[in-house]
Amino acid sequence: MKILVTGGTGYIGSHTVVELQGAGYEVVIIDNLSNSNREVLDSIAKITGKYPLFEEIDLRNQKDTFRVINKHQDIEGVIHFAALKAVGESVDKPLEYYQNNLFSLINLLGSMRKNSIRNFVFSSSCTVYGQPDKLPVSEQAPLKKAESPYGNTKKISEDIIEDTVNTGIMKAISLRYFNPIGAHPSTLIGELPIGVPNNLVPYITQTAIGIRDFLKVFGNDYSTPDGTPIRDYIHVTDLAKAHVVAVNRLLKDQFKKDYEIFNLGTGKGYTVLEVIKSFEKVSGTKLNYTIVERRPGDIEKVWSDTIFANKELGWKAEKGIDDMMLSAWNWELALKKSKENK
Ligand code: NAD
Ligand code: UFG
362 MKILVTGGTG YIGSHTVVEL QGAGYEVVII DNLSNSNREV LDSIAKITGK YPLFEEIDLR
422 NQKDTFRVIN KHQDIEGVIH FAALKAVGES VDKPLEYYQN NLFSLINLLG SMRKNSIRNF
482 VFSSSCTVYG QPDKLPVSEQ APLKKAESPY GNTKKISEDI IEDTVNTGIM KAISLRYFNP
542 IGAHPSTLIG ELPIGVPNNL VPYITQTAIG IRDFLKVFGN DYSTPDGTPI RDYIHVTDLA
602 KAHVVAVNRL LKDQFKKDYE IFNLGTGKGY TVLEVIKSFE KVSGTKLNYT IVERRPGDIE
662 KVWSDTIFAN KELGWKAEKG IDDMMLSAWN WELALKKSKE NK
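In the working numbering, the protein residues as written are 362 to 703.
Written as structure tokens, this is what we have:
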């Protein structure tokens with residue numbers, strides 16, 4: 362069975378392609394390489410023994426999207442990762458974010474309709490909850506006004522998908538990710554932040570390896586045990602596996618509703634200082650960090666209610682924070698080695 366993976370050379374997409382191929386699916390990737398590179402295909406092939414099919418097109422281009430999907434007549438399902446994802450950048454470039462994330466989605470859904478492809482999995486985010494009133498946050502929690510244009514693209518995308526499903530042409534699952542971190546155990550694929558990382562874990566590993574001088578911890582005056590914000594970090598391979606489960610659920614008619622939404626987290630929250638402590642423990646490296654002002658737009662704390670995903674999907678995140686930090690560190694070490702060998 363053939364699955365189309367948009368954004369399949371990206372961070373979460375590449376890990377998911379590995380899991381899909383491991384589960385016996387044939388994969389076609391669409392990516393415009395705006396935030397990834399072609400060598401990822403070689404790495405996927407090294408891990409799985411098989412190259413995925415690859416189409417380098419921009420999903421904003423309706424003609425190209427229709428052409429490519431029409432060419433692969435036997436696609437059974439689509440997993441849609443392709444999007445711009447930098448929260449801060451989206452505040453400065455809202456139109457680029459709405460254009461990229463929404464036009465891509467609309468072109469993709471239109472092409473699926475034209476080709477009668479009926480199964481769709483979407484990358485959403487826990488950012489749609491904002492600062493929840495109740496923790497852990499469940500799928501039933503009310504959605505808050507988005508904190509950024511990026512977050513708003515996820516909210517609007519979920520609405521577009523629901524409206525499309527309501528026309529009866531397809532079934533869909535939106536997966537709301539908490540904070541994906543870490544890398545594949547092979548260290549052949551992982552997160553490749555371009556420029557200065559925005560996210561905590563790549564900033565930690567780049568500081569420890571000497572690319573950055575010190576980590577700024579954004580605020581220690583939150584109402585949490587050590588004053589730093591709490592997030593639900595999830596290993597990217599655990600997250601990737603959930604996509605295989607979601608695709609199977611759609612293809613094997615195991616879904617309960619035509620449009621379903623699941624949280625993907627571990628259910629455990631860690632403060633920034635706890636993440637640093639875990640990193641120092643598993644890497645044996647002391648991290649240089651300093652406390653600075655809060656980062657605008659950051660919420661105080663969020664972690665996932667995992668009951669629905671665990672029960673309904675029969676999926677559970679397995680890796681703990683130390684495993685995640687060790688795999689992120691091993692990936693950073695492997696990147697350094699490969700740079701030195703070039
Ligand atoms: P990523 O940037 O590594 O991967 C996205 C891929 O999509 C990239 O390879 C990029 O080149 C491609 N792409 C972007 N716009 C495109 C377009 N118009 N046409 C074709 N290809 C395009 O990001 P990621 O971390 O793997 O995120 C994947 C998805 O998960 C995104 O939708 C993101 O919003 C969502 N998500 C990510 C996180 C996170 O923290 N990483 C959290 C929640 C949700
Ligand atoms: N942090 C620091 N210093 C840094 C970077 C981050 O102290 O240099 C702190 C932040 O203040 C926050 C925590 O580390 O408290 C996590 O921050 P990240 O930037 O790693 O992650 P966010 O929770 O802000 O956002 C991420 C993605 C979003 C996604 C969201 C939920 O960037 O795209 O998770 O999935 F929407």
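Even for Gly, the Cβ is constructed at its ideal location relative to N, Cα and C.
- Glu416 is not a Cβ neighbour of Val401, given a cutoff of 8 Å.
- The shortest C-alpha to C-alpha distance from Leu469 to any of Asp453, Thr525, Val448 and Leu687 is the one to Thr525.
- Beyond the five residues adjoining it in sequence on each side, Lys505 comes within less than 6 Å, by CB distance, of Gly491 in the same chain, given in chain order.
- In the three-state reduction of the DSSP assignment, His376 falls in the helix class, which pools H, G and I.
- Per the Cβ contact rule, the segment 526 to 537 is in contact with the segment 477 to 487 (3 or more Cβ pairs under 8 Å).
- Between the beta-carbon of Tyr458 and that of Tyr511 there is about 6 Å, and that keeps the pair under the 8 Å contact cut.
- At a threshold of 7 Å, Asp659 counts as near the ligand UFG, since its beta carbon sits closer than that to one of the ligand's heavy atoms.
- The ligand UFG has a heavy atom closer than 7 Å to the beta-carbon of Thr488.
- Assigned with DSSP and collapsed to three states, Pro497 falls in coil, not helix or strand.
- According to the DSSP assignment, Ala569 belongs to the alpha helix (DSSP H) that extends over Leu561 to Ala569.
- Cβ-Cβ separation between Ile591 and Lys515: approximately 21 Å, too far for a contact (criterion under 8 Å).
- DSSP places Phe481 in no alpha helix (DSSP H) but in the uninterrupted beta strand (DSSP E) bounded by Asn480 to Ser486.
- Classified as exposed, Ser477 has fewer than 16 neighbouring CB atoms from the shown chains inside 10 Å of its CB.
- Taking all protein chains in view, the Cβ of Ile668 is surrounded by fewer than 16 other Cβ atoms within 10 Å, so the residue is classified as exposed.
- Note on the segment 436 to 477: whole alpha helix (DSSP H) runs with a minimum of 4 residues are 448 to 453, 455 to 459 and 465 to 475, in chain order.
- The three-state secondary structure of Ala544, taken from DSSP, is coil.
- A Cβ-Cβ separation of about 6 Å places Glu679 in contact with Asp599 under the 8 Å criterion.
- A residue is called buried when at least 16 other Cβ atoms come within 10 angstroms of its Cβ; Gln382 meets this threshold and is buried.
- If you draw a straight line from the Cα of Gln434 to the Cα of Ile652, it comes to about 54 Å.
- For the segment 612 to 672, the continuous alpha helix (DSSP H) assignments of 4+ residues that do not extend past its boundaries occur at 633 to 644, in sequence order.
- Counting every other CB atom within 10 Å of its CB across the protein chains shown gives Arg399 a total below 16, marking it as exposed.
- The C-alpha of Gly438 lies about 8 Å from the C-alpha of Leu612.
- Sequence-distant Cβ neighbours of Val489 in its own chain, meaning closer than 6 Å and more than five residues away, are Leu504, Lys515 and Lys516.
- Proximity of the beta carbon of Lys475 to the ligand UFG is not indicated: no heavy atom of the ligand is located closer than 7 Å.
- Going by DSSP, Arg428 is part of the alpha helix (DSSP H) stretching over Gln423 to Lys432.
- Under the 8 Å Cβ criterion, the segment 406 to 415 does not count as touching the segment 447 to 454, having fewer than three qualifying pairs.
- With a 10 Å radius around the Cβ and a threshold of 16 neighbouring Cβ atoms, Gly630 comes out buried.
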